[in-house]
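Let me begin by presenting the structure, written as structure tokens, before commenting on it.
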Amino acid sequence: MATAFPPRSRGGALRRLVDGFDRFRDQHFEHDHELYDTLLDGQRPEVMVIACSDSRTDPAIICGAEPGELFVVRNVAALVPTYEPDHRPRGTSAAIEFGVVALGVRHVIVLGHSFCAGVRCLLEHDHGGRRFDFVSDWVGIASEVRDEMDGLVTEAERPVIARRAEQAAVLASLRHLHTYPFVAERVADGRLSLHGWYFHFGWGLLQAAEGPDGPFRQVDRGMPPAPAMGRAVAEPPA
Ligand SMILES: [Zn+2]
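Residue numbers are given in numbering that gives the first Met the number 0: position 79 of the sequence shown equals residue 78, and the series is strictly consecutive.
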């Protein structure tokens, strides 16, 4: 049977990436001069995505984005910390500030996903018995999700609770995002809208939160979902 990927061998993974870059250069960079000439002047993405570092949920791949279209920050479990300007280095907060204030994105999407190991760590305090130096503290920024699920988790309910917790983590991140004054100000005056999306890759579905408390509904083909917070901005015709 043919396999999608060549057998793993020493150096094979990196060779695939270099081959992939060659294809990118040949198929895109060498042919779309107008796009790349425009991008030389700088980036003007309308959309920022906060996604999980999970290798299965690359937002540019699953949404078919072009170079220059998405400003992306990825971290374990796609979490947003609350606004804490304490002069410590905070990567996700810095990316949010840069995307919203410097680039002026019109939409921020928090993109959660199914079977998220980061959310599992949040629920179970570890990962299959493994303790981490950094992961536990990081996912703890969404401890309200754990509190929300506590008492609900039985062995039989575990798969359902995990999916519910993954969506609750998206909603928690939206609430945290709204604690940034420059975000809340732009949401209030209509310059920015916040979206909670959930990619269920077991089912091949994209869902969106209908409001700050959910629920999540499947995104209809060709119909952009309303934001969870902020105004729906009319999309220009395709
Ligand atoms: Zn994840």
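C-beta: ideal position from N, C-alpha, C; glycine also.
Heavy atom of ligand 1 less than 8 Å from the Cβ of A161, yes or no?
-> As a working mapping, residue 161 is identified with position 162 in the sequence shown. No.
Is there at least one non-hydrogen atom of ligand 1 closer than 8 Å to the beta-carbon of D53?
-> For this step, residue 53 is matched to residue 54 along the sequence shown. D53 Cβ: within cutoff of ligand 1.
From the DSSP output, in three-state form, read off L311 for me.
-> No statement about residue 311 is possible, as the shown extent of the chain runs from 0 to 237 and does not include it.
Are the segment 77-96 and the segment 191-204 touching by the rule of at least three beta carbon pairs closer than 8 Å?
-> no
Compute the distance between the beta-carbons of V72 and I95, then report whether it is under 9 Å.
-> For this step, residue 72 is matched to residue 73 along the sequence shown. For this step, residue 95 is matched to residue 96 along the sequence shown. Taking 9 Å as the Cβ cut-off, V72 and I95 qualify as a contacting pair.
Beta carbon of R105 nearer than 9 Å to that of L191 | Residue numbering aside, residue 105 sits at position 106 when the sequence shown is read from its first letter. Residue numbering aside, residue 191 sits at position 192 when the sequence shown is read from its first letter. Cβ distance < 9 Å, so R105 and L191 count as in contact.
Quick one: measure Cβ to Cβ for E165 and H124, integer angstroms, because I've assumed they're closer than 8 Å.
-> On the sequence shown, position 166 is the one that residue 165 refers to. On the sequence shown, position 125 is the one that residue 124 refers to. Not a contact, Cβ separation roughly 17 Å.
Alpha carbon to alpha carbon, how far is R129 from H27? Give it in angstroms, no decimals.
-> Here residue 27 refers to the residue found at position 28 of the sequence shown. Here residue 129 refers to the residue found at position 130 of the sequence shown. Answer to the nearest angstrom: the Cα atoms are 42 Å apart.
Looking at the unbroken beta strand (DSSP E) that takes in S192, where does it start and where does it end?
-> Numbered from its first residue, the sequence shown carries residue 192 at position 193. Segment S192 to H199, the beta strand (DSSP E) holding S192.
Sufficient close CB pairs (3 or more, under 8 Å) joining the segment 33-46 to the segment 54-68 = Contact between the segment 33-46 and the segment 54-68 is established, with three or more Cβ pairs separated by less than 8 Å.
V134: CB within 8 Å of a non-hydrogen atom of ligand 1 | Within the sequence shown, residue 134 is the residue found at index 135, counting from 1. In this structure, ligand 1 has no non-hydrogen atom nearer than 8 Å to the beta-carbon of V134.
Cβ shell of F4 (< 8 Å), same chain only, five flanking positions each side left out | Position 5 of the sequence shown, counted from the start, is the residue given in the question as residue 4. Its pLDDT being 48, under 50, F4 is placed unreliably in this model, and the coordinates cannot settle the point.
Where D219 sits in the DSSP three-state scheme = Along the sequence shown, one-based indexing puts residue 219 at 220. D219 falls in the coil class under three-state DSSP.
Would you check if there are 3 or more beta carbon pairs closer than 8 Å linking the segment 177-186 to the segment 199-210?
-> no
Any beta-carbon of chain D closer than 9 Å to the one on G203?
-> As a matter of chain content, chain D is missing from the structure shown, which is built from one protein chain.
Sorted by chain position, which residues of the same chain lie with C-beta nearer than 8 Å to E83's C-beta, five sequence neighbours on each side aside?
-> Here residue 83 corresponds to residue number 84 of the sequence shown, with the count starting at 1. These residues qualify, in order along the chain: R89 and S92.
Per-residue burial, D25 [other beta carbons within 10 Å of its own, 16 or more giving buried] = Reading the sequence shown from its first residue, position 26 is the one you call residue 25. Exposed.
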